[in-house]
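What follows is a short report on a single structure.
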């Protein structure tokens, strides 16, 4: 089913478009109470670090970065403090100038309430930037550009914090059809992308143009939900002023979760990315508007990602948006908005997909798009869970076209294989199913539980396979050593027997004359000389090798390969 | 009477011949079942099952010599998988072979280690690095927690450290909470 | 021709060997925990039963009746079926060792599956000819497979269900089988619309 976007009727909203774009519909979705107005009244307030910053090293998907500063170091704003660990990782930077007071375990903004390695910086109040150097990506190879963005710490700011440099390669064909920039921002309360588009539209457009060029995309579509007319107007104006071609602002109908990557791609291009495929296989890539802005700052201004826009909303007197340096405590941020006295919790993210924070003084990180202040009145405890009546409401609203009641059944009974057969991992945890469930079942909690159990099991399986391989290799090695020892022993005893036989023969022979002895000494001296000469002639095994040595080396290598081959597990492929 | 005996004898001869031929024709070599069982076992090679390694235990299960509940590191989950594979009933873990413990890794107190290499020889997966009269250390990523290195150490410098949960390995908990009766809750 | 169709349909649905004739309950309860196993058992039984019906007809008509040895029926049928089961076992062990392991004791026990002896004996009682015997055997086996697969599907599903403690395991399986049997009674009379 297609729906026509509002821009197809230009008169209605006063938005003039050059072409009519056909929009598509995604399955399911809901229309919750958005409650976005309260936080869009004020412009973005830039917060500077006043108290000590706790900057977690691991803020993105992938390997945790390694710290490259230690206690006592002075750091400048924008200086790298954590180096990306491998390519699937992203660097971390100091968000203000000051002194590193410690590198230690601190409570993370994570539901688990566990700690991880953080760099603690005591700000000196001067906010002194390190020298900034714009990056000329046109003069650099694509790999250099990606390495630069990795070291600038640019990650997806929509919430998934996937390292952006990994998404900035055009895929197999070498070019893309469409670059989708996600400004839908469908979750209630959150307005950080909205205000960013209102106030910094020019930067977003520049960032989009940069990405379009890097990805060799034919067009870039900036999708914005129709409940943000100010943002749409600002973006269109900035687009016209910049005069950049092949970028288009597209207004999409408001419906949760239109801001999901797969859902927005579907709405804008009609492409439904199937299970197990990537969007780049279909010539589409998707980035958040915040990421576009971060890429513009990193490339055009040379600024690494050290702050982001965060919405503070919920149980507060004045909800608003801040530009927050990473590492600042959420409590500090919430306190600037007059939280009401009955506040009892902080949620990172929105009411649909957000996660409860273990304490109020956890730091703001790259994934923090919103600090939602909660109270029992605003978010009353859910009514008790009732049995599933298989009404199918959840399947009706699932934007991923799954069968949530089946996933629930199998996750609850811990039958994980079946849950996977029903494509549990295509679930985006948007919470639509739990929102409409008449039995108040916390469905997403079950899916999260099942997913983490399956991941843990897969990890265990890989380590078991590794252990098996190592064990089999060890057995093989022991066997080989035993054989070698036996062979050596056999050779030794054979040599010993010969010697003994020679000694007996010697004893039987008449005693040698002095003349003979002198001759023998001469011969042995000559032999010694020859041997010494030979030894000095032998070339170093690192230098120019003779063909015989080469052959010997390759024979050894072949033997090694053979052993490796034998040590591999002889399992048939799992069917 | 004679006819009956003849008929039965004839039948027996024909069927016997057919079966004999089939037995030769469909002879099975090797046992692919062992591999499947081995794939389920945790590969700690700890020997708690009273077999020298995971593979021999798998062979014993395939032959029907060993029960499926003798592997403490595999735990309840492992037993369930084996029962599933072999179509048997799920059983409790056999107590004489040990109890299920949280996964841990060996840790060498490097101040105390004298570099005797005894633990290196005991480690079934080569997860200990070191040489004679040099300090030894555990490659924690590859340690299976089998505890085989603990008894040979002459200075008792190896201890088992349970693996701590971190943000990466943390798992979402099962969302069902047991209800306490009202009388207990109020008390 | 239509009578052959009715033999087949009657054997599969109306007089379902498990749920209406209540024959072959041992594998019905024993190997119905997983769908794949149930399918494997069904296939093995279909093979044995069809072949068994054919051979027992041949033995009965050309060996036992001419020699007036009808009293050897049960004995000779059992021996033949045992041989066929042995053959099936060898074939399965070769082609699908997993299935062989999973079917376990139930595979040789096909010999003592009362359905496998009962259907050839019923064939003789109903004075079927060779084609009818084969069809009846095949139909009954398909009926057996159908019941087994349906039952296995239900049991797989029930694994995740919140069953009261005292009903868990075999108890609820028996109740389910009873309900299925009731449901199959709905087919009664289907073959009367001739």
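Protein chains in written order, with this note's numbering: chain S, 1 to 575; chain F, 1 to 187; chain H, 1 to 194. The beta carbon of each residue, even a glycine, is placed where N, CA and C say it ideally should be.
Item	Value
Just by C-beta distance, which residues in the region 390 to 417 of chain S are closer than 8 Å to chain H?	409, 410, 412, 413, 415
Which of the three DSSP states, helix, strand or coil, is assigned to residue 322 of chain S?	strand
Check each residue of the region 79 to 92 of chain F: if its Cβ is closer than 7 Å to any Cβ of chain S, include it; give the result in chain order.	none
Assign residue 419 of chain S to buried or exposed, taking buried as 16 or more other Cβ atoms, counted over all protein chains shown, within 10 Å of its Cβ.	buried
State buried or exposed for residue 109 of chain F, treating a residue as buried only when at least 16 other CB atoms are found within 10 Å of its CB.	exposed
Output needed in chain order: residues of the region 106 to 133 of chain S with a Cβ under 7 Å from some Cβ in chain F.	108, 110, 112, 114, 116
Alpha carbons only, please: which of S:454, S:297, S:95, S:386 is nearest the one belonging to residue 170 of chain F?	S:454
Evaluate the contact criterion for the region 436 to 446 of chain S versus the region 8 to 23 of chain F: three or more CB pairs, one atom per stretch, below 8 Å.	no
Who are the neighbours of residue 159 of chain H on chain S, taking C-beta pairs under 7 Å?	413, 415
Considering only residues of the region 231 to 307 of chain S, which uninterrupted alpha helix (DSSP H) runs meet the minimum length of 4 residues and lie entirely inside it, listed in chain order?	261 to 269, 289 to 296
Rounded to a whole number of angstroms, what is the C-alpha to C-alpha distance between residue 162 of chain S and residue 155 of chain S?	5 Å
Using the beta-carbon count (16 or more within 10 Å), is residue 159 of chain S buried or exposed?	buried
Hey, does residue 15 of chain F have any beta-carbon neighbour from chain H nearer than 7 Å?	yes
Taking the C-alpha atoms as reference points, what is the distance between residue 20 of chain F and residue 27 of chain F?	11 Å
Tell me which same chain residues have a C-beta within less than 7 Å of the C-beta of residue 23 of chain H, skipping the five on either side of it?	17, 114, 115, 118
In chain F, what lies closer than 8 Å to residue 83 of chain H by C-beta?	15, 18, 19
Between residue 33 of chain F and chain H, is any beta-carbon pair separated by less than 7 Å?	yes
Mind listing the chain F neighbours of residue 470 of chain S? Cutoff is C-beta to C-beta under 7 Å, in chain order.	125, 126, 142
Hey, could you find the ends of the beta strand (DSSP E) residue 375 of chain S is sitting in?	Residue 375 of chain S -> no beta strand (DSSP E), and no H or E assigned at all.
Say whether the region 98 to 110 of chain H touches the region 129 to 140 of chain H, bearing in mind that this needs 3 or more beta-carbon pairs closer than 8 Å, one atom from each stretch.	no
Taking all protein chains shown into account, decide if residue 204 of chain S is buried (16 or more other Cβ within 10 angstroms of its Cβ) or exposed.	buried
Tell me whether residue 70 of chain S is buried or exposed, calling it buried when 16 or more other Cβ atoms sit within 10 Å of its Cβ.	exposed
Could you tell me the alpha carbon to alpha carbon distance between residue 361 of chain S and residue 284 of chain S, rounded to whole angstroms?	39 Å
Could you name the residues of the same chain whose beta carbon sits closer than 6 Å to that of residue 383 of chain S, not counting the 5 residues immediately before and after it, in chain order?	440
Under 6 Å from any heavy atom of the ligand PLP, does the C-beta of residue 78 of chain F make it?	No copy of the ligand PLP appears in this structure; indeed no ligand is present at all.
Taking the beta carbon of residue 488 of chain S as the centre, do at least 16 other beta carbons fall within 10 Å, making it buried, or is it exposed?	exposed
If you count every other CB in all the chains shown that lies within 10 Å of the CB of residue 258 of chain S, and 16 or more means buried, which is it?	buried
Could you tell me whether any Cβ in chain F is nearer than 7 Å to the Cβ of residue 113 of chain H?	no
Just mark residue 578 of chain S as buried or exposed, buried being the case when its beta carbon has 16 or more other beta carbons within 10 Å.	The question about residue 578 of chain S has no answer, for chain S in this structure spans 1 to 575.
Report the residue from H:4, H:3, H:12, H:182 whose alpha carbon sits nearest the alpha carbon of residue 140 of chain H.	H:12
Compare the beta carbon distance of residue 183 of chain S and residue 224 of chain S with 7 Å and say whether it is the shorter of the two.	yes
Checking contacts by CB at 7 Å: is residue 130 of chain H closer than that to chain F?	no
Does any residue of chain F have a CB that is nearer than 7 Å to the CB of residue 538 of chain S?	Residue placement at residue 538 of chain S cannot be trusted, given a pLDDT of 47 that sits under 50; what the coordinates show is reported in the next sentence. No, residue 538 of chain S lies away from the interface with chain F (no Cβ there is under 7 Å from its Cβ).
Quick one: does residue 45 of chain F have its CB under 7 Å from some CB of chain S?	yes
Once DSSP output is grouped into helix, strand and coil, what is the label at residue 500 of chain S?	helix
Mind checking if residue 57 of chain F is an interface residue toward chain H, Cβ cutoff 7 Å exclusive?	no
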